[in-house]
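Taking it in order: structure first as structure tokens, then the write-up.
Here it is in structure tokens:
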């Protein structure tokens with residue numbers, strides 16, 4: 194049972210435009226969410242996180258929005274750059290140290 | 002920032018042999034490290050939690066005798082894939098937290114690509 198879902202396996206955007214990556218979760222016990230970026234043959238790199246007590250967290254070009262009632266979060270990247278091309282994983286925590294990952298969304302930013 | 006080093010990055014071995022993968026926290030002490038496995042086009046699956054000085058905690062469905070985990074010090078955890086078979090071929094990644102608190106971000110190693118022939 195997939196507790197963290199990233200329903201779009203891939204996304205393609207033009208450089209300079211906004212990239213929106215979506216993530217849904219089913220477990221209401223999750224209270225902390227993270228986004229990781231991963232290049233091929235490398236480990237994931239932490240990008241940004243949000244606690245369930247917030248609905249928005251911003252860090253430079255990256256903003257994460259959380260809608261608890263909808264059990265949905267999204268990562269906005271603006272403006273998108275070619276170097277942002279990678280696989281983005283949404284992950285969640287709920288009372289334990291076990292991080293539950295989605296399947297990832299491959300973002301391609303075209304010059 | 003916190004760095005987790007994983008070695009080797011790639012390994013090819015013959016079926017039936019064992020392979021050891023090392024995970025080191027370079028500038029912090031990690032009482033807990035995590036081992037993940039990534040299948041193609043799938044999410045990172047937690048295999049086990051490695052606890053310094055005690056036995057690892059394995060996730061359901063992960064064979065303890067197959068994937069031996071040793072966390073001998075606060076900066077080193079090892080994963081040994083014993084009697085490897087082609088189906089064990091995968092990308093294995095370790096991770097650790099540099100600060101206390103379950104919601105502090107995990108730092109990942111660069112992973113090990115294991116190919117069993």
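Residue numbers (the working numbering), protein chains in the order written: chain A, 194 to 304; chain B, 2 to 118.
By construction, the Cβ of each residue, glycine as well, lies at the ideal position given by its N, Cα and C atoms.
Item, Value
"Chain-order list of residues whose beta-carbon lies under 7 Å from that of residue 14 of chain B (same chain, five-residue window excluded)", "20, 85 and 117"
"Limits of the beta strand (DSSP E) - the one that residue 8 of chain B falls within", "5 to 8"
"Stretch pair the segment 291 to 302 of chain A + the segment 270 to 277 of chain A: three plus CB contacts closer than 8 Å", "yes"
"CB contact below 8 Å: residue 304 of chain A versus chain B", "no"
"Span of the beta strand (DSSP E), counted from its first residue to its last, around residue 207 of chain A", "203 to 207"
"Contacts of residue 276 of chain A in chain B (Cβ-Cβ under 8 Å)", "Going along chain B, no residue has its Cβ under 8 Å from residue 276 of chain A, so there is no contact; the nearest lies around 18 Å."
"Beta carbon proximity, residue 94 of chain B to chain C, threshold 8 Å", "The structure shown contains no chain C; its protein chains are A and B."
"Where the segment 60 to 72 of chain B meets chain A: residues whose CB sits under 9 Å from a CB there", "60"
"Contacts that residue 268 of chain A makes with chain B (C-beta to C-beta distance below 8 Å)", "Here the premise fails: no neighbours, minimum Cβ distance about 15 Å."
"Start-to-end residues for the beta strand (DSSP E) that takes in residue 254 of chain A", "From DSSP, residue 254 of chain A is part of no beta strand (DSSP E); its letter is neither H nor E."
"Check whether residue 268 of chain A and residue 227 of chain A have beta carbons under 8 Å apart", "no"
"Contact with chain B by residue 258 of chain A, beta-carbon distance below 8 Å", "no"
"Cβ shell of residue 278 of chain A (< 7 Å), same chain only, five flanking positions each side left out", "300, 301 and 302"
"Given residue 287 of chain A as reference, the closest of B:42, B:105, B:55 and B:96 once Cα atoms are compared", "B:105"
"Candidates A:290, A:289, A:291 and A:284: closest to residue 237 of chain A by CA position", "A:284"
"Nearest-angstrom beta carbon gap, residue 113 of chain B and residue 7 of chain B [assumed within contact, 8 Å]", "6 Å"
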